[in-house]
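One line per chain: the protein sequences are A and B, in this order. Each residue of the first sequence is one higher than the one before, counting from 150 in our numbering. Each residue of the second sequence is one higher than the one before, counting from 75 in our numbering. Using N, Cα and C, we set each Cβ at its ideal position, and we do this for glycine too. Keep in mind it's a predicted model, so treat the numbers as computed, not measured.
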Amino acid sequence: MAVNYSAKEEADGHPSGGVGVPGGGAVGGSGGGAVKTRKPDNTAFKQQRLPAWQPILTAGTVLPAFFIIGLIFIPIGIGIFVTSNNIREYEIDYTGTEPSSPCNKCLNVSWDSTPPCTCTINFTLEHSFESNVFMYYGLSNFYQNHRRYVKSRDDSQLNGDNSSLLNPSKECEPYRTNEDKPIAPCGAIANSMFNGTTKPVNWPKPVYMLDSEPDNNGFINEDFIVWMRTAALPTFRKLYRLIERKNNLQPTLQAGKYSLDIAYNYPVHSFDGRKRMILSTISWMGGKNPFLGIAYITVGSICFFLGVVLLFIHHKYGNRNTSADIPN
Amino acid sequence: MGVTEHCVAEEERRVRANAREYNEKFQYASNCIKTSKYNIVTFLPVNLFEQFQEVANTYFLFLLILQLIPQISSLSWFTTIVPLVLVLTITAVKDATDDYFRHKSDNQVNNRQSQVLISGVLRQEPWMNVRVGDIIKLENNQFVAQADLLLLSSSEPHGLCYIETAELDGETNMKVRQAIPVTAELGDTSQLACFDGEVICEPPNNKLDKFGGTLYWKENKYPLSNQNMLLRGCVLRNTEWCFGLVIFAGPDTKLMQNSGRTKFKRTSIDRLMNTLVLWIFGFLVCMGVILAIGNAIWEHEVGVCFQIYLPWDEGVHSAFFSGFLSFWSYIIILNTVVPISLYVSVEVIRLGHSYFINWDKKMYCAKRRTPAEARTTTLNEELGQVEYIFSDKTGTLTQNIMVFSKCSVNGHSYGDVQDMLGHKAELGERPEPVDFSFNPLADPRFQFWDPSLLEAVKLGDLHVHEFFRLLSLCHTVMSEEKSEGELLYKAQSPDEGALVTAARNFGFVFRSRTPKTITVHELGQAITYQLLAILDFNNIRKRMSVIVRSPEGRIRLYCKGADTILLERLHHINQDLTSTTTDHLNEYAGEGLRTLVLAYKDLEESYYKDWSERLHRAGSASEAREDHLARLYDEVEHDMMLLGATAIEDKLQQGVPETIAILTLANIKIWVLTGDKQETAVNIGYSCKMLTDDMAEVFVVTGHTVLEVREELRKAREKMMDASRSVCNGFYQEKLSSKLTSVLEAIAGEYALVINGHSLAHALEADMEVEFLETACACKAVICCRVTPLQKAQVVELVKKYKKAVTLAIGDGANDVSMIKTAHIGVGISGQEGIQAVLASDYSFSQFKFLQRLLLVHGRWSYLRMCKFLCYFFYKNFAFTMVHFWFGFFCGFSAQTVYDQYFITLYNIVYTSLPVLAMGVFDQGIYTSILMFFIPYGVFADATRDDGAQLADYQSFAVTVATSLVIVVSVQIGLDTGFWTAINHFFIWGSLAAYFTILFTMHSDSLFRMFPNQFRFVGNAQNTLAQPTVWLTIALTTVVCIMPVVAFRFLKLDLKPELSDTVRYTQLVRKKQKTQHRCMRHAGRVGSRRSGYAFSHQEGFGELIMSGKNMRLSSLALSSFAPRPNTSWIETLRKKKGCEGSSAGSPSGAADKTLKV
C-alpha cells in the first residue's frame, strides 16, 4: 500500500489545461486576485501527502526485538523471583474449621457475644525475620468487591461533611439510619469492619472510641481507613500492625515459638470465609510475589524462543523476493 | 427534490394564457421549490424526533433509563448521558447547517430571474413566481429551465425555434420546434398580452417524445403535439428569442417526472456494521445471561450467607430475582462493546474522506475551474467496491465536439500528425497547426495538422478542389453573416458543422444560401450554384445528396454517406481507388473516427429534366409518397465517382480510453447507456477502446418483438457457450438451466453486446430480464443506445437486483438523473451548463478520467481505512469491555465495574478522535481482555506495596488495568498504523498524554474536596503509579498482548507476503502483457469492420431548406422563391422521427426491419 501510494503520485501528473485550449491551465491560476479560486490548496495534508514513517515488520526489526525483549525480561524475572524468595512470610489460618484447631470452638460465634470467645494458636518461626515485620490479617471468600458492597459508603460523610453526618447518603442503605438516628460511618463497608474487637449496628462501640489514642480515632483511625479501602478480589490481606526492628543487632522476630491470642468475634464460617494472620517482611517490590518473577521469566523465555523459531523459519522458508516485488 | 404529490390524479390539464386567477383554481404544482425540513420553531422537536427514530439513539436512551433504576444501575447515569448528548448535539448541529444551506439554495433557486409577461409588460420575476399559464420570454443559448412551455412565437420566421436536447435525451443534434401558425404571428408583447387561448392537454407524464393537447382560441381548435413544445432542460440555439406558455411547472415537468425518486443510499459497510452490531448485541445478551445465571447461583450459594455483612437490596427476595436484575446491570456495563460513538466516529471519518476528495488537486479541472465534490459524505468506502459502471456517452465520454481530423482524397490520405511516433500526444512536440492566414474567411478555431492538404489545395489538385467543393455544397447548414467576413454556421449536427468548417478553412467557404442557390467562395472567388434538389438524409438511406448546377451550366450530383452504402453505388471504374480508400477507411475506423464517403456524379441535362419531372410528380402524390421518392433518389444516386472520405473525430474527454482500460483492469465492467444512435454509440465504443477488433464478436440486438429479442439473445449466448465449450469441455453442464451461474461469466474470449432502446424495452420485461442480464454480464462491454432516461434507471436497477454488485452511474445531463439516483453511487459531471445531474449526484467532478482516481485511490483508501477503523474499534471495545466479564467471576457477578467510571465515560470519547487510521483484529479483543484481567489478577492476588500496605485494593487494581489497557491499545494502533504522519503521532501520543492528564485530574485532591461522592479515587493515581510492581505488570501485559500479534504478522509477511497483493500484482503483470499484445496487433491489423456513418442528424432539413421556410425574408427576397407543392414538411419531419427512432443496427440486416415499422 505504501509504495502504491507514492507511485500513483508520480504517475498521475497534473493535467495541464484542456485539449485545444492553449493556456487553459493558466486561466485557473491567474484568475486569482478578486475572484476566489476554487482550486484546492496544494498542501501536504489536503493532498494526503504528509511525510510518513512507514514501519514494516521485517526480519531486521522483529527478530532483534524478540531477542531484546527476551534478554531484558529473563534477568528482570530472575531478579524479582530471587527478591521474592528472600522475603520471609508466615501465615496462620485461624478460622478454626478443622476440629483440631484451637479456634474451632469459636467458629459459630456471633457479633454481639460477650465476653468474646478467645483462642490461642501456637506457632513456630523456623527462620528469623530480619527486617521490619508487617502483620496482616487476611480474609478469603469475602466479597469486598461486590457492587452493592463497594458503593455502600458515603465519602462526604467520611470527609467530615456535617450534613452528610446528619443525613447519610442513600447508598448506605440499609446501614444508613438506626432507629431514626443516622449511622456514622454509614454503609455496609464500615458496618462490616474486620476487627478483633470492634459502633455501627455491628459495632460494639462508637467510632470515636476505636482506639485509645486520640490521634488515631474517629474516621482517621488507621484500621478503619485500611478497611475502607475495599479489596479488588475476594481473597485479600490488609495491613494490621507493624513490628519495627528495634536495633541492628537483633532480628525483628527471632526463630522460635510464638503464640497468637485471638479475640474471635468476626464470624466468617457461614459463607465459607477464611481468616488468616500473616507475618511478612517486604522488599523494593513489596511483599512476596512469586507470580511476577515467574511470569517474567516465562515470557522472556517464550520471546527468546519465538525469536529463535522465527529466525529459523525466516532462513529456511522466508520469501526473499518480497523486497523485489514491492517496488512495483 | 421535494416532489409534492398531487392528492388527486390529474386527468387533463386546462391552462388559460394570461389568466392566473383561472388557473389557480386547479392548484397546479408551482415552481417554488422547498427542500428544507425545519424552521426555527420546529427544529428542536422535529429533529429530536427524527434522531430518536434511529435504533442506536433509542437504545442508548433505553440504557439511560435503566441506569436511573438504583437496583440496576451499575454505572452512574452520566456515563451514558454525556456521549448521548454529545452525539445528539453533533447530529443536530449538522442537520441544522444542512438545512440552513438548503434554505439558502432554495432561496437562490426560487429567486432566479426569468422574464415573465405580466399584464402586458415583460418583467423580471423570480422563478418561484412563474405560474402555469404565464408567458415567458427566452433568449438564445438559454436553458429552458423553469417549465415545459408551449412555443408561441419566436424571432425566426414561421415561429421556428431550434433546440438542443442533449440534456434530455443525450442526442447531440439540433432539433426544430415550430409554433402553431396562429400564435407564430404574436411577435410582440402587446399582442401576446391579449392572447387568451386555453390549452387542454394530457396530465403530467414522463414521456419525453409525446405530447397531446388542443389549443382553443377564438372559437377555433388547434391540435398541439410535441413539435410545439419546449421541454424543461432544452437549450435554445440559433434563435434570438422566443415566447412560450407555461404548461407544466416545477415537479410536473417531463424532466422532473423522469428523474425518479431519491432513495436513501446506504453502503455495504453500513449494512455490515448493522449486522455486526446486531451480532455483538446478541453476544452482549449472551454474556448478560451467563453472568446473570452466575449471579443467581452465587447469590443462592454464597450471597445468602454473606447477608450478615451485605444484606440484599430492598425488594430482592430471591437469588433468581437478583440474577434478573444483574442481567440488566451487566447490559449497562457491557454496552461499551457497541458504543454509541461508533456511529458518530464512522460519520466523522467519512466526512474527513469527503474533504480529502474535495481537496484533491488531481481531481481539479483547471479548464472548467471545478474541483471534485463529494456531495454525499456517506458513500466513500463504497467507491472501492464498485463492480459496474454505467456511463452516459455525450458529455461524459465525449466532449460533444466534432473535429475534422483526417481525409482521404483520391487515394491519398491526409491528416496524420507529422510526429515521429505517429501518436497524437497533447504535448509541445506537436508541430504548429496549419496556417490558414491566406484565407480571410477562415475560422480561427479550426486546427489541422497536416500541411500537405493545404499545399494540394494551393497547387490546384482538382480532386482536392472537388472534394472541398462537395463539402461546401452538400449539407443542410445555414449560414449567418453578422458583419462582413464574420460567418456563423448553424449546423443541425456537429458533424456537418465540422465538415463545412473544414471546407471553409481550406478555401471553399460556404457563404450563404437561398432555397434555390448556394453561394460559395472558392479560393476567394464567389460562385453561386443553383440548388436543384436536396436528396435528404434518412437513416435507411444513410446518405444525402444535392444536385447543383454550376455557373457553367453543368449539373452535378454530390453525395456523402455511410461507406457501406456508398461504396456499393460507385461506378465500377472506381475499383482501384475504392480499395485504397477502403484501406484508409479501415484505418480511420480503427482509430474510432466517424467516417463518411464522398462521391459525385455528372448528370445529363435531359436526364435530369426527366428525373425532376418524375420527382415533382412523386412529391405531390398523396399515397406512398415516401416510397416513390425513395425509389427516385435511389435511381439517381448510382454509378457515382468516388472522391474520397472524411474522418471526423468525436472528441473524447481527456484520458477516457486510458481510464476505461485501467478500470477494466480493475475488473470493473463498464456499460454505456446513451440516448444517442446506435452507430454513434458503437463508434464511441471503439474509440474509447471498450470495443476492439480483437473481440470474438459484438452481438447486436435490434429486435422489435419479444420473440426476436429473445431469439437474438439466445443466439448470442449459444455462441458464447460454443466458444467456451471448445475451450473447456464438460464444464458447462448446467448452463442455461441454472440461473445466473458464473458459467457464463467464465466464458473465454471477449464479447460485446449492443442493444437498442426498442429491444431493451422487451429485454427488461419481467420474464426476459434475467436472460438479458446473463447475456449482458457475460460480455466484456455492453452498449445500450436509444434508451430513455427511465430505461437507464431500469438497467441499473436490474443489475443491482440480480448481481448484488455495487453500481456506479456517471452522467452529465438531465437524462442521466434517474440512473444516477438509482445506482448505489451517482456521479455527475460538473462544470457544464446543466446542473441537473450534479444536483442528483453523490459525487461530482468535471472529467470522466477522474473516475479512476475517485475509485481506485479514494475509494480504496476509504474502504481500507474504514475496515481498519471498524476492526480496531471493535477490538478496543472488546478488550475494554470483556475485562468486566472476567471480573464478574470474582466479584460475585455483582456487575461491579473494573474501572473508574470516568474512565468508562472517557474511554470512547478520548479515543474516537484518534483511530481514524487504525485497525486491529476482531477476535484479538477477547484474548487481550483475558490477559488484561488475569495478569494483574495474578500479580495482585497477594501483592503488597513497597511500604507494606496492601496493593490489591480495588482502586489500584482499576488504575493498573486501565493503564495497561490504554497502553496496549495504543501500541496496537501504532502497530497497525501503516503511515506514521505527524497527525498520527499527535493523536497517539496525544491520547496517551490525555489519558494520564485526565487520570491525575480525576484523582486529584481538589476534585475530591468539591465532590467527595463523585471522585472517590482520590490520590490513587499518584500512589499506584509510583509502585514498581504496577509498572512491571503493565510492561508484562503489554508484551504478552502484543508479542503474538507481531510474531503472527511477521510470519505472514515473511512466508506469504500479502497473498492478495501478490495475486493482484501478478494479475496486473499478466494483463499488461496482454494489452501490450493487443496494442501491437492494433498497429498492423487489418480492420474487419467498416466505419459507422457520421450523420448524427435528423432528416427533414433538406426539405426545410428547399421550402425556404427557415430563411429570413431578406434573403428570400433575393431568390425566386417558389414554394414547393403543398409539402407540409413539418408533417414529414414528425413522421420520419418515428422511423428514425429505430436506427438500424447491422447495416445489412436491420435496414429491412426498420421499414416494417
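Minimum Cβ-Cβ distance from residue 433 (chain B) to chain A less than 8 angstroms: yes
Chain-ordered neighbours of residue 304 (chain A) on chain B, where CB pairs are closer than 7 angstroms: 1086, 1087 and 1090
Tell me residue 745 (chain B)'s beta-bridge partners as DSSP assigns them. B:464 and B:856
Does DSSP put residue 715 (chain B) in a helix, in a strand, or in coil? strand
Under a Cβ-count criterion, where at least 16 other Cβ atoms within 10 Å of its own Cβ denotes burial, should residue 209 (chain A) be classed as buried or exposed? That one is exposed.
Pick from B:634, B:581 and B:484 that is closest to residue 654 (chain B), judged by C-alpha positions: B:484
Please report whether the beta-carbon of residue 1117 (chain B) lies at a distance below 8 angstroms from any beta-carbon of chain A. yes
Which of helix, strand or coil does DSSP assign to residue 325 (chain A)? Under the three-state reduction of DSSP, residue 325 (chain A) is assigned to coil, being neither helix nor strand.
With a threshold of 6 angstroms on Cβ separation, who are the neighbours of residue 367 (chain A) within its own chain once the five nearest residues in sequence on each side are excluded? Excluding residues within five positions, the ones whose Cβ falls inside 6 angstroms are 356 and 357.
What residues from chain B crowd round residue 208 (chain A), counting only those whose CB sits closer than 8 angstroms? When 8 angstroms is used as the limit between beta carbons, residue 208 (chain A) is near these residues of chain B: 1124 and 1128, in chain order.
Residue environment, residue 562 (chain B), which counts as buried when at least 16 other CB atoms sit within 10 Å: exposed
Taking all protein chains shown into account, decide if residue 455 (chain A) is buried (16 or more other Cβ within 10 angstroms of its Cβ) or exposed. buried
Just verifying my parser: in three-state terms, what is the DSSP assignment at residue 215 (chain A)? helix
Strictly by DSSP, which residues pair up with residue 600 (chain B)? B:595
List the endpoints of the continuous beta strand (DSSP E) containing residue 480 (chain B). 472 to 483
Count the C-beta pairs between the stretch 431 to 445 of chain A and the stretch 227 to 244 of chain A that are closer than 8 angstroms, then say yes if the count reaches three, no if not. yes
Closer than 8 angstroms at the beta carbon, the chain B residues around residue 339 (chain A): Ordered by position in chain B, no residue passes the 8 angstroms Cβ test against residue 339 (chain A), which lies about 11 angstroms from the chain.
May I have the straight-line CA-CA distance separating residue 388 (chain B) from residue 1121 (chain B), to the nearest angstrom? Their backbone Cα atoms lie some 53 angstroms apart in a straight line.
Does the Cβ of residue 914 (chain B) have 16 or more other Cβ atoms within 10 Å, making it buried, or fewer, making it exposed? By the Cβ neighbour-count rule, residue 914 (chain B) is buried, with 16 or more other Cβ atoms within 10 Å of its own.
The beta strand (DSSP E) with residue 829 (chain B) in it runs from where to where? 825 to 830
Between residue 739 (chain B) and chain A, is any beta-carbon pair separated by less than 8 angstroms? No, residue 739 (chain B) does not count as interfacial toward chain A.
Quick check on DSSP: helix, strand or coil for residue 721 (chain B)? Looking at residue 721 (chain B) - three-state DSSP - the assignment turns out to be strand.
Near-chain A residues of the stretch 969 to 980 of chain B (beta-carbon distance less than 9 angstroms), N- to C-terminal order: Within the stretch 969 to 980 of chain B, the residues whose Cβ lies closer than 9 angstroms to some Cβ of chain A are 969, 970, 971 and 972, listed in chain order.
Complete beta strand (DSSP E) runs within the stretch 884 to 944 of chain B (minimum length 3 residues, chain order): DSSP runs (the beta strand (DSSP E)) wholly in the stretch 884 to 944 of chain B: 899 to 903 and 917 to 919.
I need the straight-line Cα distance from residue 402 (chain B) to residue 898 (chain B), nearest angstrom please. 40 angstroms
Suppose you measure from the CA of residue 187 (chain B) to the CA of residue 104 (chain B); what does that come to, to the nearest Å? 15 angstroms
Rounded to the nearest angstrom, how far is the Cβ of residue 673 (chain B) from that of residue 739 (chain B), given a contact under 8 angstroms? The Cβ separation is near 43 angstroms, so there is no contact.
Please identify the residue among B:787, B:569, B:870 and B:200 whose C-alpha is closest to the C-alpha of residue 845 (chain B). B:787
Check whether the stretch 695 to 709 of chain B touches the stretch 439 to 453 of chain B, counting contact only when three or more Cβ pairs, one atom from each stretch, lie closer than 8 angstroms. No, they do not touch.
Ends of the beta strand (DSSP E) at residue 287 (chain B)? 286 to 291
I'd like the list of long-range same chain contacts for residue 574 (chain B), defined as Cβ closer than 8 angstroms, with 5 residues on each side in sequence excluded. 545, 546, 549, 551, 563, 565 and 584
Can you pull the chain B neighbours of residue 416 (chain A), defined as C-beta to C-beta under 8 angstroms? 382
Return yes when the Cβ of residue 1038 (chain B) is within less than 8 angstroms of the Cβ of residue 971 (chain B), no when it is not. no
Give me the chain A residues within the contact set of residue 385 (chain B), using Cβ-Cβ distance strictly less than 7 angstroms, ordered along the chain. Going along chain A in sequence order, the residues near residue 385 (chain B) (Cβ under 7 angstroms) are 323.
Please name the residue in B:794, B:205 and B:829 whose C-alpha comes closest to that of residue 778 (chain B). B:829
Which runs of the alpha helix (DSSP H) spanning at least 4 residues fall entirely within the stretch 222 to 279 of chain B, listed in chain order? 240 to 243, 255 to 258 and 263 to 268
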